[in-house]
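For reference, the structure is listed below as structure tokens.
Residue numbers (the numbering used here): 61 to 199.
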């Protein structure tokens, strides 16, 4: 039967910036490149939407080291909190400029902006749709 092997989402922060949300890979399927495929899909979708920057929050604890390493390999850089996040010793914040040639200050200006929390966040790629698009169901 079908088995969910991973999930992730892309949230619009505004018309030009997005956030990677809820990246997870099932334990039994870690180390198979599934997280890389999901992240590539999310980055591609953000570029199609002509986002300037893509941001994320992940854990600061040792068990999140593989995730931080993945994000670094894909060009994400460490930064301070963005959108409506605050400083948190358990969180690490990262960002990636999607415009190619850039000045770092332009991308990181979001650090100073705060967005209202919506009662229902707009997750623009559902986990189920992304899994189906990527063909990430094991047989």
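Beta carbons are placed, not taken as given, at the ideal position from N, Cα and C, and that holds for glycine.
Self-check item: residue 97 (DSSP reduced to helix, strand or coil)
Solution: helix
Quiz prompt | Run of the beta strand (DSSP E) containing residue 110, from where it starts to where it stops | solution = No beta strand (DSSP E) holds residue 110; DSSP gives it neither H nor E.
Practice problem: Give me the Cβ distance between residue 98 and residue 135, rounded to the nearest whole Å; I'm assuming they're in contact under 8 Å. | Solution: With a Cβ gap of about 16 Å, residue 98 and residue 135 do not count as contacting.
Exercise. Helix, strand or coil for residue 175, going by three-state DSSP, please let me know.
Key: Any reading at residue 175 needs caution, since the residue's pLDDT is 37, under 50, leaving its predicted position unreliable; the model's value is listed next. Coil, per DSSP.
Quiz item: Taking the alpha carbon of residue 159 as the point to measure from, which residue in 76, 86 and 70 has its own alpha carbon closest?
Solution: 76
Quiz prompt | Endpoints, alpha helix (DSSP H) assigned at residue 200 | solution = Residue coverage of the chain in this structure runs from 61 to 199, which leaves residue 200 outside it and unanswerable.
Practice problem: Please report the Cβ distance between residue 106 and residue 70, rounded to the nearest whole angstrom; I am assuming they are in contact, meaning their Cβ atoms lie under 8 Å. | Solution: 6 Å
Quiz item: Is the beta carbon of residue 144 sitting closer than 8 Å to the one on residue 113?
Solution: no
Self-check item: Reference residue 116, options 138, 149 and 63, closest by Cα
Solution: 138
Quiz prompt | Bounding residues of the beta strand (DSSP E) (the contiguous stretch that carries residue 71) | solution = 66 to 72
Quiz item: For the beta strand (DSSP E) that contains residue 153, what are its first and last residues?
Solution: 151 to 157
Self-check item: Opening and closing residue of the beta strand (DSSP E) in which residue 84 lies
Solution: 77 to 85
Practice problem: Indicate whether residue 95 and residue 64 have their beta-carbon atoms separated by less than 8 Å. | Solution: no
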